[in-house]
């Protein structure tokens, strides 16, 4: 018998995504305008009377609004941060009202490249505006308005989600009391951008990409998406965890001298690539990697992160993981230094963890204790 | 006026590749047999009367037999290790007789996938046998026979070339006096294999690959090769050197919000990918990355590198580079430890260098001094 999520202590249980429609035009950082759009979101827990207990959870590259619990029609579809969120969990839904939202440009229900473009009646495809972290934060702020949340108790996220939390403190300092910036960086390095660019080129040069208008051709650039995901996966895992989990283990016990799967690591990567290409939208992948590339709050301040963060009012929890080579601890420390420079209230934890960048998704007792402790001290009065 | 290689002090000058034909069948480690084959090679300097001064230089992934000097019909085509080899250079051609050879399976003139398969009259394509480092060493030993070289003063190479030098000490301990094993590893890690596998998948899933028989279709899987090369390049450079050379520098000075080149690092990678796809053979890329995956001399000794190296008789120079994350210094130290365990004569140098794995190709004074010193002590009497 497989265990059912409802039986798990600490699950928020069955959850139902909702859709908010917005018809006030949103102007993107690029200058492009989206006249109307939908945002799909989920909530867990109850908004208190003072509306002081709302926490926004921002997703990274391939996740969505489905952060915790499960969908009644698919009990195996458990939220991507379910180990952090629920009654009695580090982000305790007995105390907090949690909001998860699929970002604009996504492929999980919010308006994105696969949505119909009102101007043509066909999917936006490559005509969907290039989105930035700032644009996502604006859309999230409108969702907060829609939900009657003037000020979040906290905005939190890992990786790109952490960048959104950081951007909230700059874009809307008065609307966020705490930012939990986990496994993030103040901007991408050349190497980070390089990995994104290779992934994009794999997608864009796939003959099934059709300049981003593949929907009309009834195909998907799956070859490119597979390769993109495989590249991504390598950067999410540490060298050590790959060595421990896979090492040089052979599928059949010995060399077969060919290009089929020989090593277990190949099997793993191919499986991950295939799975991803089955459900993820290629245009969304392009948009999200570009948003990562562009994120650089210091850019508007002559490259000075200290100045970029000067107006923030939030308290900060910054968390990094020792084996994360995608966004290494030194990148988190750069954020901490800029916050300290501004005399902001900041807690920093560098977690000893072996799983690399993906550590932020893992059930690590020390890490979860840090998040729990920080959130428990937030005064909701 | 551009400087001409002949004017450069230390150049071996104009060189001419030669072809050796072999018609004694070669049995590969896989069991496959090649009835006859050609090896293209170059030599610099003069073989002395005692035939004691020959040095074999082995190439890595994308290089060839053209190690030093230039080709008279294309003076810009300077050998890939010209900064190391020539009169008065670290590998001094006034003293040594240097041999460079394009490995079997290559695409620079030696028999490989693009060569005609005698059985069909068409290019071998995917029917070319999967080669291993051991197979290359056997072919190189036959070239040595052909050249009248019973014993090499040294075999040397960087990266995959260093692995060949190491294999020589195991396969033919009596035929190699010194091994220079530079920027190498005793075997690939799971992460190393993962990068190779993504590159291969990019090639194999390119619709122009045609199961490896693209020659007959008059096309090349250039899309896949471009992506493969871009991935490779990221692993050849250190994060730091990418940051220094490119950082987040923008092509046009500001964001254009699109998927054309925005960052200089993107431009660099696309250029490298395009150039490579123009001259390199996709099947050769598959074969060479697989040879890298398979290299593991300890495998035949229950994973015990000490035992694998027990019968070696050569003296060793092992060199690593501090910023090399593809084959990090600790990987070189694993070789050194196994050599010391066997009381072999070994010199180890860990060079402080910023360029990552590619450091072994760079003109670094400390590194070159180490190679020069080691080679100068070899007694040719």
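Residue numbers (the working numbering), protein chains in the order written: chain D, 1032 to 1412; chain A, 1032 to 1412.
Positions of the beta carbon are idealized from the N, C-alpha and C atoms, including for glycine.
Quick caveat: nothing in here was measured; it's all calculated off a predicted structure.
With H, G and I counted as helix, E and B as strand and the rest as coil, what does DSSP make of residue i?
| i | result |
| --- | --- |
| residue 1115 of chain A | coil |
| residue 1292 of chain A | coil |
| residue 1390 of chain D | helix |
| residue 1180 of chain D | coil |
| residue 1231 of chain D | helix |
| residue 1281 of chain A | strand |
| residue 1219 of chain D | coil |
| residue 1250 of chain A | coil |
| residue 1038 of chain D | Confidence in residue 1038 of chain D is poor, its pLDDT being 46 and thus under 50, which makes the residue's placement unreliable; the coordinate value appears in the next sentence. Here residue 1038 of chain D sits in helix by DSSP. |
| residue 1132 of chain D | strand |
| residue 1266 of chain A | helix |
| residue 1101 of chain D | strand |
| residue 1163 of chain D | coil |
| residue 1032 of chain A | With a pLDDT of 37 at residue 1032 of chain A, under the threshold of 50, the predicted position of this residue should be treated as unreliable, though the coordinate-derived value follows. Residue 1032 of chain A falls in the coil class under three-state DSSP. |
| residue 1020 of chain D | Only positions 1032 to 1412 of chain D appear in the structure, and residue 1020 of chain D is not among them; the question remains open. |
| residue 1401 of chain D | helix |
| residue 1408 of chain D | coil |
| residue 975 of chain D | No answer is possible for residue 975 of chain D: it lies beyond the span of chain D, which begins at 1032 and ends at 1412. |
| residue 1043 of chain D | coil |
Applying a beta-carbon distance threshold of less than 7 Å, which residues of chain A neighbour residue i?
| i | result |
| --- | --- |
| residue 1254 of chain D | 1236 |
| residue 1270 of chain D | 1220 and 1222 |
Give the residues of chain A in contact with residue i, contact being defined as C-beta atoms less than 9 Å apart.
| i | result |
| --- | --- |
| residue 1327 of chain D | 1279 |
| residue 1300 of chain D | 1225, 1228, 1229 and 1232 |
Report, in whole angstroms, the separation of the C-beta atoms of residue i and residue j, which I expect to be a contact under 8 Å.
| i | j | result |
| --- | --- | --- |
| residue 1218 of chain D | residue 1322 of chain D | Not confirmed; about 12 Å, so no contact. |
| residue 1060 of chain D | residue 1165 of chain D | 5 Å |
| residue 1313 of chain D | residue 1244 of chain D | That belief does not hold up - the Cβ atoms of residue 1313 of chain D and residue 1244 of chain D are roughly 11 Å apart, past 8 Å. |
| residue 1269 of chain D | residue 1407 of chain D | Wrong, their Cβ atoms sit about 30 Å apart, outside the cutoff. |
| residue 1258 of chain D | residue 1292 of chain A | That pair is no contact at about 20 Å. |
| residue 1261 of chain A | residue 1232 of chain D | 7 Å |
| residue 1363 of chain D | residue 1215 of chain D | 7 Å |
| residue 1380 of chain D | residue 1296 of chain A | Incorrect: roughly 31 Å between the Cβ atoms, too far for contact. |
| residue 1205 of chain A | residue 1182 of chain A | 7 Å |
| residue 1337 of chain D | residue 1373 of chain D | 6 Å |
| residue 1064 of chain D | residue 1057 of chain D | 7 Å |
| residue 1366 of chain D | residue 1349 of chain D | 6 Å |
| residue 1273 of chain A | residue 1222 of chain D | 5 Å |
| residue 1091 of chain A | residue 1190 of chain A | 4 Å |
| residue 1391 of chain D | residue 1213 of chain D | 5 Å |
| residue 1051 of chain A | residue 1177 of chain A | 5 Å |
| residue 1043 of chain A | residue 1124 of chain A | 5 Å |
| residue 1413 of chain A | residue 1397 of chain A | Nothing can be reported for residue 1413 of chain A, as the shown portion of chain A is limited to 1032 through 1412. |
Can you name the residues of chain D whose CB is closer than 7 Å to the CB of residue i?
| i | result |
| --- | --- |
| residue 1233 of chain A | 1233 and 1258 |
| residue 1286 of chain A | 1325 |
| residue 1261 of chain A | 1229 and 1232 |
Identify every residue that forms a DSSP beta bridge with residue i.
| i | result |
| --- | --- |
| residue 1194 of chain D | BP columns for residue 1194 of chain D are empty, so no partner. |
| residue 1360 of chain D | Paired residues: none, contrary to the question. |
| residue 1346 of chain A | A:1209 |
| residue 1154 of chain A | A:1147 |
| residue 1382 of chain D | D:1352 |
| residue 1188 of chain D | D:1089 and D:1212 |
| residue 1072 of chain A | A:1049 and A:1132 |
| residue 1123 of chain A | A:1117 |
| residue 1168 of chain A | DSSP, once it has assigned bridges, lists no residue as partnering residue 1168 of chain A. |
| residue 1065 of chain A | A:1057 |
| residue 1109 of chain A | A:1101 |
Taking Cβ-Cβ distances shorter than 9 Å, what residues in chain D pair up with residue i?
| i | result |
| --- | --- |
| residue 1289 of chain A | 1061, 1161 and 1321 |
| residue 1317 of chain A | 1290 |
| residue 1380 of chain A | Simply none; closest approach about 23 Å. |
Taking C-beta pairs closer than 8 Å, name the residues in chain A that residue i reaches, listed in chain order.
| i | result |
| --- | --- |
| residue 1224 of chain D | 1279, 1294, 1296 and 1297 |
| residue 1341 of chain D | Those do not exist, as residue 1341 of chain D stays about 21 Å from chain A at its closest Cβ, beyond 8 Å. |
| residue 1273 of chain D | 1220, 1221, 1222 and 1225 |
| residue 1265 of chain D | 1222, 1225, 1226 and 1229 |
Quick check: the region 1121-1131 of chain D against the region 1066-1080 of chain D, are there 3 or more CB pairs under 8 Å? yes
For the 8 Å Cβ check, are there 3 or more pairs between the region 1378-1398 of chain A and the region 1265-1282 of chain A? yes
Is the region 1195-1211 of chain A in contact with the region 1104-1115 of chain A, if contact means three or more CB pairs nearer than 8 Å? no
Cβ contact (3+ pairs, closer than 8 Å) linking the region 1094-1106 of chain A and the region 1133-1141 of chain A: yes
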